[in-house]
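Residue numbers (my numbering), protein chains in the order written: chain B, 1 to 188; chain E, 1001 to 1155.
What follows is a set of notes on a single structure, which appears directly below.
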């Protein structure tokens, strides 16, 4: 049910065209195909499956409402990933604002004693990644999230982000530098 | 460097894998479907009642225009008033009725210089109360009474 990673493009193109013609079941099929992939990228941005699920739902609704504006059906996947990444990043900003209001203790100060990676439980790791990703800029978070996504080339990431490959590489480098500092206690 | 990069990737991937294990795909699919149904209904209602939505959009647009105009005026007016003040200062603008002039011919009344007051006619400085005019020329001793010729010679 998780959906295949990268289904044949011809199927996708037909489904996209049918969706553009108003076929709801075709769009439902696209959801089934891409829900896993969109969840992967949303989790990379947000660090948490529940938050990612909200972003993915909103992303699919946005895609559904705007699918008529997509000119090249074969680029549906990039277009969808761009939408979901943007929604996830907006969602991350909301979480950040919400947590800034509540937070009185610095997260990293509080968790410093929890090392190394092998000893982290899934829940702790989620919180660590979530906190670190929230400290990246929008563009950096987007770059690092898409860059490591299985099956996406650097060129494809650049296309999704609407910038050059060099810019993507620079942003990935910057975000890795920041993550290296933020996660230094967990990388030992 | 490469090692650290790999570790970061490993950390992100490990977390993504762990989180993906928790996902109930059927539930997610159902939630997306419900959201799409709602979006479809909203879209349909916009198509069904285009006039209502056009009127609402018109009202919203008018309100937005008014709001923008008010914001612009509230930002433009202070800068205008500042430019008018500058023009008044430089004399570029005739202030007309805003101007005023004090015509005073009486040296005694017009002067604020105590020496001038003392040298212009008869003046009786009878206040020796230091509380009334402390730290001023009025607070000097002795009290001056410019009434006789002898007194005038003393000065």
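For glycine and all other residues, C-beta sits at the position ideal for the given N, C-alpha and C.
In this text, all values refer to a predicted model and were calculated from it rather than measured experimentally.
- Query: Under 8 Å, do residue 46/B and residue 92/B count as touching if we go by C-beta distance?
  - Reply: Taking the first chain and counting its residues from 1, one reaches residue 46/B at position 46. Taking the first chain and counting its residues from 1, one reaches residue 92/B at position 92. Yes, Cβ-Cβ distance for residue 46/B and residue 92/B is below 8 Å.
- In the structure shown, what three-state DSSP assignment does residue 185/B receive? Residue mapping note: residue 185/B aligns to position 185 of the first chain, counting from 1. Here residue 185/B sits in coil by DSSP.
- Query: For residue 1087/E and chain B, any beta-carbon pair shorter than 8 Å?
  - Reply: Here residue 1087/E refers to the residue found at position 87 when the second chain is read from its first residue. Not an interface residue.
- Query: Buried or exposed: residue 1010/E, going by 16 or more other Cβ atoms within 10 Å of its Cβ?
  - Reply: As a working mapping, residue 1010/E is identified with position 10 in the second chain. Exposed, by the Cβ-count rule.
- Message: Can you pull the chain B neighbours of residue 1007/E, defined as C-beta to C-beta under 7 Å?
- Response: Translated into the one-based positions of the second chain, residue 1007/E becomes position 7. Per Cβ cutoff of 7 Å: 187.
- Query: Who are the Cβ neighbours of residue 96/B in its own chain at under 7 Å, not counting the five residues just before and after it?
  - Reply: Numbered from its first residue, the first chain carries residue 96/B at position 96. Closer than 7 Å at the Cβ level, and outside the excluded window around residue 96/B, lie 134.
- Taking a Cβ distance cut-off of 8 Å, strictly less, list which residues of the region 25-57 of chain B are near chain E, in chain order. 27, 28, 31, 32, 35, 36, 39, 40, 43, 44, 47, 48, 49, 52, 53, 56, 57
- Using a C-beta cutoff of 8 Å, does residue 1064/E count as contacting chain B? Taking the first residue of the second chain as 1, we reach residue 1064/E at position 64. Not an interface residue.
- Item | Chain-ordered neighbours of residue 61/B on chain E, where CB pairs are closer than 7 Å | Translated into the one-based positions of the first chain, residue 61/B becomes position 61. The contacting residues are 1035, 1036, 1039.
- Three-state secondary structure assigned by DSSP to residue 1043/E: As a position in the second chain, residue 1043/E is number 43, starting the count at 1. Residue 1043/E falls in the helix class under three-state DSSP.
- Query: Excluding sequence positions up to five away, which residues of its chain have a Cβ less than 8 Å from the Cβ of residue 177/B?
  - Reply: Numbered from its first residue, the first chain carries residue 177/B at position 177. Excluding residues within five positions, none has a Cβ falling inside 8 Å.
- Proximal residues to residue 1053/E (C-beta, below 8 Å), its chain only, five neighbours per side dropped: By one-based count along the second chain, residue 1053/E stands at place 53. Here the set comprises 1046.
- Message: What does the alpha-carbon distance come out to for the pair residue 161/B and residue 168/B?
- Response: Here residue 161/B refers to the residue found at position 161 when the first chain is read from its first residue. Here residue 168/B refers to the residue found at position 168 when the first chain is read from its first residue. C-alpha separation (whole angstroms): 8 Å.
- Use the C-beta contact count for residue 1024/E: other C-beta atoms within 10 angstroms, 16 or more gives buried, fewer gives exposed. Here residue 1024/E refers to the residue found at position 24 of the second chain. Exposed: under 16 other Cβ atoms inside 10 Å.
- Query: Under 8 Å between C-beta atoms, does residue 113/B make it to chain E?
  - Reply: As a working note, residue 113/B is residue 113 in the first chain. At residue 113/B the pLDDT is 47, less than 50, meaning the model places this residue with poor confidence; the figure from the coordinates comes in the next sentence. By this cut-off, residue 113/B is not an interface position.
- Message: According to DSSP, simplified to helix, strand and coil, what is residue 70/B?
- Response: Locating residue 70/B in the first chain gives position 70, where the first residue counts as 1. The answer is coil: DSSP assigns residue 70/B none of H, G, I, E or B.
- Message: Using a Cβ-Cβ cutoff of less than 7 Å, which residues in the same chain neighbour residue 173/B once the five nearest sequence positions on both sides are dropped?
- Response: Position 173 of the first chain holds residue 173/B. Here the set comprises nothing.
- Under 8 Å, do residue 132/B and residue 183/B count as touching if we go by C-beta distance? Mapped onto the first chain, residue 132/B falls at position 132. Mapped onto the first chain, residue 183/B falls at position 183. In contact: residue 132/B and residue 183/B (Cβ atoms closer than 8 Å).
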